[in-house]
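According to numbering that gives the first Met the number 0, the sequence shown is numbered sequentially starting from 0. See below for the structure under consideration.
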Amino acid sequence: MNVGKKIYLTFDMDWACDEVMEFLYDMLELYDISATINITNNFRILERYKKNKKIDLGIHPNFNFLMNGSEGGSNKEDIIRQCKSIVPDAVVVRSHSLLNSSVVTKTLFDYGIRYELNYFIEPYEGICVYPWLFQGVLQIPFFYEDDLYLLENNNRSPSFYLSENIRMYRVFNFHPIHLFLNSESLERYGRIKENYHSFSAIEKNVNKDNYGVWNFFLDLIRLANKNGYQFDTIAGLEADEWRRK
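Below you can see the structure in the form of structure tokens.
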């Protein structure tokens with residue numbers, strides 16, 4: 000499999016506040032980056048995101064209510080419809096907590112979803128993993144997620160993920176809140192979790208002393224530009240070589 004010189008940046012909104020979403024938008028414009036952003040709810044500058052041709056908006060449904068037997072959506076269709084009402088043209092999904100099942104995937108297909116990002120695979124030198132079709136939806140594995148990176152106290156540099164010996168599409172996933180906080184541990188996020196939508200509380204807890212998610216992200220961008228990588232959206236995989244085999 001030729002994974003080429005492309006990087007696919009994805010972002011799970013996770014109910015981030017308006018100011019954090021504005022920070023994310025400004026950052027993407029500053030570095031002129033294509034990206035896929037999975038939306039959980041409406042926010043102040045959503046229309047600006049929709050009009051930006053380098054940004055593709057997916058959905059980030061939360062099916063955990065159904066697992067836990069609590070309220071929040073009477074069934075999977077209600078949850079998907081709510082997400083699609085915000086982003087009607089969405090064709091990409093990553094579920095909260097990476098929850099997936101054959102029944103959910105089939106329903107997502109029925110609502111126009113064609114790309115699913117619910118499989119995190121820990122990378123290693125020599126790995127080779129292809130996307131695969133299931134229930135009409137392309138399953139695209141990804142190999143970096145900021146909160147899992149923090150959970151495992153991972154110290155891998157961006158250069159590891161761009162190694163030619165890792166044969167996976169280079170799909171990264173970040174959360175706007177971890178980028179803004181420059182989280183170096185999940186404890187930092189834990190300090191503001193109860194005040195998730197208080198921007199003043201978030202600002203007071205930004206990490207300025209240790210290497211964190213924001214530093215990793217900037218190093219990734221610099222390394223990618225230095226080595227001739229291009230950034231693309233998940234839907235850009237449509238014309239890639241797996242389709243022609």
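Each residue gets a CB set at the ideal place from its N, CA and C atoms; glycine is no exception. Please read these numbers as outputs of a predicted model, since none were measured by experiment.
With respect to the 9 Å criterion, Ile78 and Leu97 are not classified as neighbours on the basis of their beta carbons. Where Phe215 is concerned, there is no enclosing beta strand (DSSP E), although the alpha helix (DSSP H) around it starts and stops at 212–225.
Beyond the five residues adjoining it in sequence on each side, Ala234 comes within less than 7 Å, by CB distance, of Asp55, Val90, Val91, Tyr114 in the same chain, given in chain order. Counting other Cβ atoms within 10 Å of its Cβ, Asn74 stays below 16 and is therefore classed as exposed. Distance from the CA atom of Pro122 to the CA atom of Glu46, rounded to whole angstroms, is 36 Å. Spatial neighbours of Tyr160 in its own chain (CB-CB distance under 8 Å, excluding positions within 5 residues in sequence) are listed in chain order as Pro122, Phe142, Tyr143, Arg169, Phe171, Leu219. With fewer than 16 other beta carbons inside 10 angstroms of its own, Trp131 counts as exposed.
Per DSSP, reduced to three states, the secondary structure at Ala34 is strand. Of the candidates Lys52, Glu28, Met20, Asn51, Met20 places its Cα closest to the Cα of Asn40. The alpha-carbon of Lys83 is positioned some 25 Å away from that of His177. Tyr143 carries a strand assignment under DSSP once its states are collapsed to helix, strand and coil. DSSP places Ile126 in the coil class of the three-state scheme, outside both helix and strand. In the three-state scheme derived from DSSP, where H, G and I count as helix and E and B as strand, Gly57 is classed as strand. Secondary structure note for Gln229: its beta strand (DSSP E) is the uninterrupted segment 229–231. In chain order, Asn204 place their CB closer than 6 Å to the CB of Arg190, counting only its own chain and leaving out the 5 sequence neighbours on each side.
In the DSSP annotation of this structure, the continuous segment of the alpha helix (DSSP H) that includes Ile79 starts and ends at 75–85. Contact between Ile6 and Phe230 holds: CB atoms are separated by about 5 Å, below the 8 Å threshold. If you draw a straight line from the Cα of Tyr24 to the Cα of Phe10, it is about 11 Å long. Every beta strand (DSSP E) stretch that sits fully inside the region 4–35 and reaches 3 residues is listed by chain position as 5–11.
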